[in-house]
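Take the first sequence: its letter number 81 is residue 107 in the working numbering, and every next letter is one higher.
Just below is one structure, and these are the notes that go with it.
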Amino acid sequence: MKAHEVGTILSDIAALLELKGDNPFKIRAYEQGARIVEGLGDQLEPLVREGRLHEHKGIGAALSEKITELVRTGRLAYHDELRREFPPAIFDLLKIPGLGPKKVRRLYQTLGVRSLGELEYACVENRLLTLDGFGEKSQANILEGIQLLKRHQGRFLFSDALEAAEALLAALQASPDVSRTSLAGSLRRRMETVKDIDLLVSSDSPAAVMERFVALPGVAEVIAHGGTKSSVRLGSGLQADLRVVSDREFPYALHHFTGSKEHNTILRGLAKSRGLKMNEYGLFRGDELIPCSTEAEIFAALGLDDIPPELRENLGEIEAAQARRLPDLIAERDIQGVFHAHTTESDGRHSLEAMVSAAAALGYRYLGISDHSRSARYANGLSIERVRAQHRAIDALQQRHPEIVLFKGIESDILADGSLDYPDDVLDGFDFVIASVHSRFGMTEEEMTARVVKAISHPAVTILGHPTGQLLLSRDSYPLNLTRVLDAAKMHHVAVELNANPHRLDLDWRFCKDARDRGVTLSINPDAHSTEGLSDTRYGVGIARKGWLTRADVFNTQSADQMRRTLTAKQTR
DNA sequence: GCCGTTTTCGGCCCGACTGTTTTCAGTCG
27 MKAHEVGTIL SDIAALLELK GDNPFKIRAY EQGARIVEGL GDQLEPLVRE GRLHEHKGIG
87 AALSEKITEL VRTGRLAYHD ELRREFPPAI FDLLKIPGLG PKKVRRLYQT LGVRSLGELE
147 YACVENRLLT LDGFGEKSQA NILEGIQLLK RHQGRFLFSD ALEAAEALLA ALQASPDVSR
207 TSLAGSLRRR METVKDIDLL VSSDSPAAVM ERFVALPGVA EVIAHGGTKS SVRLGSGLQA
267 DLRVVSDREF PYALHHFTGS KEHNTILRGL AKSRGLKMNE YGLFRGDELI PCSTEAEIFA
327 ALGLDDIPPE LRENLGEIEA AQARRLPDLI AERDIQGVFH AHTTESDGRH SLEAMVSAAA
387 ALGYRYLGIS DHSRSARYAN GLSIERVRAQ HRAIDALQQR HPEIVLFKGI ESDILADGSL
447 DYPDDVLDGF DFVIASVHSR FGMTEEEMTA RVVKAISHPA VTILGHPTGQ LLLSRDSYPL
507 NLTRVLDAAK MHHVAVELNA NPHRLDLDWR FCKDARDRGV TLSINPDAHS TEGLSDTRYG
567 VGIARKGWLT RADVFNTQSA DQMRRTLTAK QTR
């Protein structure tokens, strides 16, 4: 059984234990175990084989045994046992805002509600009113929550949420009552998808800020409206939460509301062990505030290096900050040029010339053009003749654009048998080749892994494109043994793409650290299908940061001259 | 469930808001 499946089952157990009303610390242990296992990816199986699971902090004897059983047999007796206690569709009820495990359990045990549909029916029949703790208002809210759940999946792309959040922040910043503003929550941590928008502002007039917030254009509904905290729903269905604090409290509150929950929990425990108390209003020794004007000072007061928001997932960052071994994360300015840009020759929206001008205007020192290869008929892939014509066009354009180095490339389909889409003599004519899977997703893991490994081992390949094929919120990755693929990439000096398109963000940040540890270089590519798409690189940098990558770990931080040498060396290898 | 430079047992973070509760539980982050 694969790591993400094991993680799902551990999360499932945590949810079931919550429904049962079990020990909250035990529940937390299962949740943390799930997160650790998901981050292990294909390393999980060898760790189980070698009996080394317990070396990961947070996995003890009991979890180790259960994970081993899952990996070896694909089942877990304990999980099966728990599952028999509740109907499977009951989990859907937990996704309704305002419904937690306690209320869901009561709905099930007293009304026999087992699914969203049954709950909706029970609401329509006013049956919730007979239950203690439920009234008119909660019944109406639940009905609304069910409608919302039907319309959206409850999660949104980072890029969409960021755009909405920045508009809200700008409107708040314009208020004379507001001094500082910031993004917070999962958006600030740069999660690839988010459930809501968290905003923080400092002000001496919180009530006025709240009034302004709930009345902003774009607000479709006010969910909560308190003295220092309000929640609204935007027309898009996205929920936005705003918290107001004093300016003195701002850094503490910013840390608090950035999270993650898991990171905060550990940090507050750390504070407590040092005789301190930590909350959104400050860091205290007894009643005395330890003054901090930035988050970095708060970390310092706890004996930690400054932890960038992207890393705050309780996945090793606190230990690294204690040991003064946090990575110097890559920044947008480190990106010297980009690969993976489409033009109107295949399925891009803008011409070659427009793409080149746009890349130069963005300050990139080089641009790698890679339209689709000939088998990609849906995308108007290039025949050999059209490849040659495009090369002539690029040569001509290079004359007119000395400020940017143009590299001739192709995004070659990886055919079903793992071969590339042109004969070798044509492939040799490119400066670089991105090899990508675009079809036949239904293979077994063994077949797909062999297919990708074979493609990587072709000497013409420079970069493996969108390595897992995931489409956020719509399609899971195809089955693939990523560890074998990464090892093959290392062996054949192939960079692995971190596809920066906000719908992909593939390679997933959870696997970036492992790729780096295996000596694999990642290439942050916009996969641009328009001039605007070239800027998507920033989303890729966000994911790279979240994946602990530094400048040295990323392919396209090389200067244009270095890159020219790198590509030539690869060709003559 | 996990964990230990106090500990192998007894801890394990903290506060705002809502709704329905007449003093607080549940949810959320």
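Virtual Cβ for every residue (Gly too), placed ideally from N, Cα, C.
Going by beta carbons, V413 and V452 fall inside the 8 Å limit. The alpha carbon of I569 has as its nearest neighbour, out of P528, I395, L560, the alpha carbon of P528. Distance from the Cα of G65 is smallest, within the candidate group N340, V487, H417, for N340. Listed in chain order, the non-local C-beta contacts of S229 below 7 Å within the same chain comprise D203, V204, S205, V235, V270, local neighbours out to five positions each way being set aside. Check the Cα spacing between G244 and each of A191, E288, L209: the tightest is with A191. For a cut-off of 8 Å, the C-beta gap from T547 to F581 is around 5 Å, short enough to register as a contact.
Where Q58 is concerned, the enclosing alpha helix (DSSP H) starts and stops at 50 to 66. By the neighbour-count criterion, in which a residue is buried when 16 or more other Cβ atoms sit within 10 angstroms of its Cβ, D421 is exposed. Counting only the Cα atoms, P123 lies some 39 Å from S549. DSSP places T557 in the coil class of the three-state scheme, outside both helix and strand. With respect to the 8 Å criterion, L560 and F458 are not classified as neighbours on the basis of their beta carbons.
The Cβ atoms of G495 and D532 sit closer than 8 Å to each other. Rounded to whole angstroms, the gap between the alpha carbons of T284 and K596 is 43 Å. Its Cα nearest to that of R338, the residue R214 stands out among L309, G126, R214.
Relative to L264, the option among L42, R181, F467 whose CA is nearest is R181. Going by beta carbons, L198 and A210 fall outside the 8 Å limit. In this structure, L45 sits near V130, with a CB-CB distance shorter than 8 Å. If you look at I223, you'll find it in the beta strand (DSSP E) that goes 222 to 229. Under the Cβ criterion (8 Å, minimum of three pairs), the segment 313 to 323 does not count as touching the segment 244 to 254. A straight line joining the alpha-carbon of D540 with that of R510 spans about 12 Å. Note that the C-beta distance between S438 and L446 is below 8 Å.
In this chain, the alpha helix (DSSP H) harbouring N167 covers 162 to 177. Straight across, the Cα-Cα distance linking S409 with R400 is about 5 Å. In the three-state scheme derived from DSSP, where H, G and I count as helix and E and B as strand, Y392 is classed as strand. Put simply, the segment 507 to 521 touches the segment 480 to 492. At least three CB pairs are less than 8 Å apart. Secondary structure note for I122: it is in no alpha helix (DSSP H), with a DSSP letter that is neither H nor E. For the 8 Å CB-CB criterion, G435 and S396 form a contact.
If you compare the alpha carbons of P428, Q362, D443 with that of P552, the shortest gap goes to Q362. V546: not part of any beta strand (DSSP E); DSSP gives it neither H nor E. Taking a C-beta distance under 8 Å as the contact criterion, R359 and A586 do not qualify as a contact pair.
Annotation: L96 to F239 spans about 48 Å, alpha carbon to alpha carbon. Counting only runs that start and end inside the segment 267 to 310, the alpha helix (DSSP H) elements of at least 4 residues fall at 276 to 284, 287 to 299.
A direct Cα-Cα distance of roughly 53 Å separates S90 from A200. Assignment of F537 by DSSP, reduced to helix, strand and coil, places it in the helix class. Rounded to whole angstroms, the separation of the alpha carbons of F117 and A41 is 8 Å. For V235, the enclosing alpha helix (DSSP H) has its first and last residue at 232 to 240.
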